[in-house]
Amino acid sequence: MSLEKTIEFIKNHNKFLITSHTNLEGDALGSELAFYRLIKKLGKTSVILNEDDIPYGYDFLPSLDLVRKFKRNIKDINFDCLVALDCSDLKRTGEVYTINKNNFPILNIDHHISNANFGTVNWVRPEASCCCEMIYKLYKKLKINLDKDSALSLYVGILTDTGSFHYTNTSAAVHKITSELLKHNINISEVYRKVYGNIPFADLKLLAQILPTMKRAVKGKLIWFEIKKDVFKSRKRIFIDLSESILNFARTVKDAEVAVLFKENLSLTNEVRVNFRSQGKIDVNRVANFFGGGGHKTASGATVKGKIDDVRRRVLAKIRAAINKI
Ligand SMILES: [Mn+2]
Numbered sequence: 376m377s378l379e380k381t382i383e384f385i386k387n388h389n390k391f392l393i394t395s396h397t398n399l400e401g402d403a404l405g406s407e408l409a410f411y412r413l414i415k416k417l418g419k420t421s422v423i424l425n426e427d428d429i430p431y432g433y434d435f436l437p438s439l440d441l442v443r444k445f446k447r448n449i450k451d452i453n454f455d456c457l458v459a460l461d462c463s464d465l466k467r468t469g470e471v472y473t474i475n476k477n478n479f480p481i482l483n484i485d486h487h488i489s490n491a492n493f494g495t496v497n498w499v500r501p502e503a504s505c506c507c508e509m510i511y512k513l514y515k516k517l518k519i520n521l522d523k524d525s526a527l528s529l530y531v532g533i534l535t536d537t538g539s540f541h542y543t544n545t546s547a548a549v550h551k552i553t554s555e556l557l558k559h560n561i562n563i564s565e566v567y568r569k570v571y572g573n574i575p576f577a578d579l580k581l582l583a584q585i586l587p588t589m590k591r592a593v594k595g596k597l598i599w600f601e602i603k604k605d606v607f608k609s610r611k612r613i614f615i616d617l618s619e620s621i622l623n624f625a626r627t628v629k630d631a632e633v634a635v636l637f638k639e640n641l642s643l644t645n646e647v648r649v650n651f652r653s654q655g656k657i658d659v660n661r662v663a664n665f666f667g668g669g670g671h672k673t674a675s676g677a678t679v680k681g682k683i684d685d686v687r688r689r690v691l692a693k694i695r696a697a698i699n700k701i
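Mind the numbering: the sequence shown is residues 376 to 701 in my numbering, read in order.
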């Protein structure tokens, strides 16, 4: 139903402002670039506008020069609708949504179970592995030919959001779509190397300061780490997403059901970003919801006010209770 409404929305509009969430990653960028091409093939215009810069490791994606960065006084963008991709709520776009002063209609395409249905049209599919999978469906339904650049963009989103095809969202449909995308001669080992095998030596060394903070509880089912501000003193700019690397380490620990990372906000005092990963038995979307965040059943996050020690105590108590119920 919503796919039909999405198509109707696309047909009824001509100038699309495409955006995604802060802390861009493969699914956000892949969806944006593929959606941009789809609109172009329909003979309409669009602009991609994001709050954040292109993250390290993704600079090989095709046509990144199309992607613009949000500025407060930006005025030269002409649009008649806003398209939010891979965003569970409008504030995930950072400040980009504030550009929509005229309240133009919003198309919300997303796969987060916590999606707030903030759009004029909401196409939300928590069972989809990623937003790129949904954009692929849009191409099929509209009978638009995928070109190599769109196929590569979609492939990168699927690759990263499925944890290279091993998270529980990796369905038969994902592999089927991927096999279609690979017909466009995508060099998968080269893509993998660019996205994952590209870590600056100095960044990897920072892990040596974070890994010793690892602790566990509830018979090893709960494992957590923390990153305090001082870790970044020695290095002005970090290229890799350390959170992702650490959580991936944590997931590999025997018996771990839930991994949690607590990270002090670099620019604000009394704010902690908490990221959750689950092997599937614990619904970490519900835990994140409790603290004002959201995401998916097996991967979620929340930004929590308070000192790190206090936030840690409150969050861990909630997870312990959840683990004790299984
Ligand atoms: Mn996603």
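Just so you know, even glycine gets a beta-carbon here, dropped at the ideal spot from N, CA and C.
* DSSP three-state assignment for C507, whether helix, strand or coil -> Here residue 507 refers to the residue found at position 132 of the sequence shown. Helix.
* Rounded C-alpha distance that separates L636 from I393 -> Counting from 1 along the sequence shown, the entry for residue 636 is found at position 261. Counting from 1 along the sequence shown, the entry for residue 393 is found at position 18. Spanning the two alpha carbons is a distance of roughly 31 angstroms.
* Asked: Given that a residue counts as buried once 16 or more other Cβ atoms are within 10 Å of its Cβ, and exposed if not, what is S489?
  -> Within the sequence shown, residue 489 is the residue found at index 114, counting from 1. Burial call: buried.
* Asked: Helix or strand or just coil, what does DSSP make of A548?
  -> Taking the sequence shown and counting its residues from 1, one reaches residue 548 at position 173. DSSP places A548 in helix when its eight states are reduced to three.
* **C505 CB to nearest heavy atom of ligand 1 below 8 angstroms** => Within the sequence shown, numbered from 1, the residue matching residue 505 stands at position 130. Result yes, Cβ under 8 angstroms from ligand 1.
* Between the CA atoms of L556 and V531 - distance to the nearest angstrom -> By 1-based counting over the sequence shown, the position of residue 531 is 156. By 1-based counting over the sequence shown, the position of residue 556 is 181. C-alpha separation (whole angstroms): 10 angstroms.
* Whose CA, out of G401, V686, S377 and F384, lies closest to the CA of L534? -> Working through the sequence shown from its first residue, we reach residue 534 at position 159. Comparing C-alpha distances from L534 to each of G401, V686, S377 and F384 shows the shortest one belongs to G401.
* As assigned by DSSP and simplified to three states, the class of A362 -> Past the boundaries of the shown model lies residue 362; the chain is included only from 376 to 701, so the question cannot be answered.
* With DSSP as the reference, label S609 as helix, strand or coil. => Sequence index remark: in the sequence shown, residue 609 carries index 234 (1-based). Of the three classes helix, strand and coil, the one that applies to S609 here is coil, per DSSP.
* Mind checking I563: buried by the 16 CB within 10 Å criterion, or exposed? -> On the sequence shown, residue 563 is found 188 positions in, with the first residue counted as 1. Label assigned to I563: exposed.
* To do: Count the C-beta pairs between the stretch 660-671 and the stretch 476-489 that are closer than 8 angstroms, then say yes if the count reaches three, no if not.
  => At 8 angstroms Cβ cutoff, the stretches touch.
* To do: Could you name each continuous alpha helix (DSSP H) segment of 4 residues or more that falls completely within the stretch 638-680, going from the start of the chain to the end?
  => Segments of the alpha helix (DSSP H) lying fully in the stretch 638-680: 659-665.
* **Closest by C-alpha distance to K523, when choosing among D434, K682, G405 and E379** => Here the question's residue 523 lines up with position 148 in the sequence shown. The residue with the shortest Cα to Cα distance from K523 is G405.
* What are the partner residues of E601, as DSSP defines its beta bridges? -> Numbered from 1 along the sequence shown, position 226 holds the residue referred to as residue 601. In DSSP, E601 forms a bridge with F637.
* Roughly how many whole angstroms lie between the Cα atoms of V566 and Y433? -> Here residue 566 is taken as the residue at index 191 of the sequence shown, counted from 1. Here residue 433 is taken as the residue at index 58 of the sequence shown, counted from 1. C-alpha separation (whole angstroms): 9 angstroms.
* Considering R412, what are the terminal residues of the beta strand (DSSP E) in which it resides? -> Against the sequence shown, residue 412 aligns to sequence position 37. Taken as a continuous stretch (DSSP letters only), R412 belongs to no beta strand (DSSP E), being part of the alpha helix (DSSP H) at G401 to K416.
* Would you tell me roughly how many angstroms separate the C-alpha atoms of T397 and G572, rounded to the nearest one? => Position 22 of the sequence shown, counting from 1, holds the residue named residue 397. Position 197 of the sequence shown, counting from 1, holds the residue named residue 572. Roughly 23 angstroms between the two C-alpha positions.
* To do: Tell me where the beta strand (DSSP E) around A631 begins and ends.
  => Reading the sequence shown from its first residue, position 256 is the one you call residue 631. Looking at the DSSP string, A631 is not in any beta strand (DSSP E), and its letter there is neither H nor E.
* Going by CA-CA distance only, name the one from F576, K476 and I598 that's closest to A692. => Within the sequence shown, residue 692 is the residue found at index 317, counting from 1. For the residues F576, K476 and I598, the minimum Cα distance to A692 belongs to I598.
* Asked: Could you give the residue range of the beta strand (DSSP E) that holds A491?
  -> Within the sequence shown, the letter at position 116 stands for residue 491. A491 -> no beta strand (DSSP E), and no H or E assigned at all.
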